[in-house]
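Just below is one structure, and these are the notes that go with it.
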Amino acid sequence: MQSVFPQFETAWVLPPPPPSSSHASTETTDADCSICYEQVGRVKPEGTIESWLHFPCGHRFGSLCLLNWLFADTVTKFDCPMCRRLLHWECGHLAVPSPAPFGRKEVARYAAEPRRPLPGPCEFCQEWCKAGFRERMERRSRKVMRLLRDRRASVLQAILVRARVERDYRDDVWRHWYTERLDEALMDGDVLWPPKRGSARRK
């Protein structure tokens, strides 16, 4: 299944868990990422540095591991790697991880029903009407409708095409918005981006 964010695909492969033997310690500390078991904030051999990113459920992970977890597999893996708490809002959009921990009250509220979406619409949906995105989307869809009428398309065809145009436009705007929020979170955490594999591909 194709990733929602192909621009985040990297050549990174997460390392396996540490070997469990009498000669190797499997203990992790609060400074270790629970995905790769490596210390967050230490320079890696590749020259990258991970910082912490926090989810509303209260768990935190190294930033590069978290990006791989979210975007390098499937579109539906929108849950916490630790507690499996769903991490999308009622509107269906994925929560943005934060460089700062969420407050105790927020964590308690989000943890109340772990298999239900996060309560309420996301920040993007709240900004959707205020920023004039809806008006631009409607202007674009009206233009498509005029073109379809000129080509004598049926009413049903016109409705279906308009719905697809509006959905695609909204999805494109959301991806751009989400990418900007991730950039802000990573910059706040002083993390370096991993090497990217070629240019971003379109869906």
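Residue 173 in full-length UniProt numbering is what sits at position 173 of the sequence shown, and the numbering runs on without skipping anything.
Built from N, CA and C at the ideal position, the CB exists for glycine as well.
Task: Segment contact, 8 Å Cβ cut-off, at least three pairs: the region 115–127 with the region 87–100 - done: yes
Task: Outcome for G58 when other beta-carbon atoms lying within 10 angstroms are tallied against a minimum of 16 - done: buried
Open item on the list: For C83 and C65, which I take to be in contact (beta-carbon distance under 8 Å), what is that distance rounded to the nearest angstrom?
Closed with: 16 Å between Cβ atoms; not a contact.
Open item on the list: Just verifying my parser: in three-state terms, what is the DSSP assignment at L118?
Closed with: strand
Task: Alpha-carbon spacing of E46 relative to K130, whole angstroms - done: 42 Å
TODO: Sort out for me which residues DSSP pairs I49 with in a bridge.
DONE: V43
- [ ] Indicate the three-state DSSP secondary structure (helix, strand or coil) for D168 in the structure shown.
- [x] helix
Task: Nearest neighbour of R115, chosen from D183, H176, H88 and A31 [CA to CA] - done: H88
Task: Boundaries of the alpha helix (DSSP H) in which F71 is found, first to last residue - done: S63 to F71
Open item on the list: To the nearest angstrom, how far is the alpha carbon of W128 from that of R170?
Closed with: 9 Å
Open item on the list: Tell me the rounded alpha-carbon separation between E113 and R85.
Closed with: 8 Å
Task: Status (buried if at least 16 other CB within 10 Å, exposed otherwise) for P15 - done: The pLDDT assigned to P15 is 41, lower than 50, so where the model puts this residue is not dependable, and the model offers no usable value.
Open item on the list: Considering Cα atoms alone, identify which of C33, D79 and G41 is closest to I49.
Closed with: G41
- [ ] Can you have a look at G62 and say buried or exposed, based on whether 16 or more other CB atoms are within 10 angstroms of its CB?
- [x] buried
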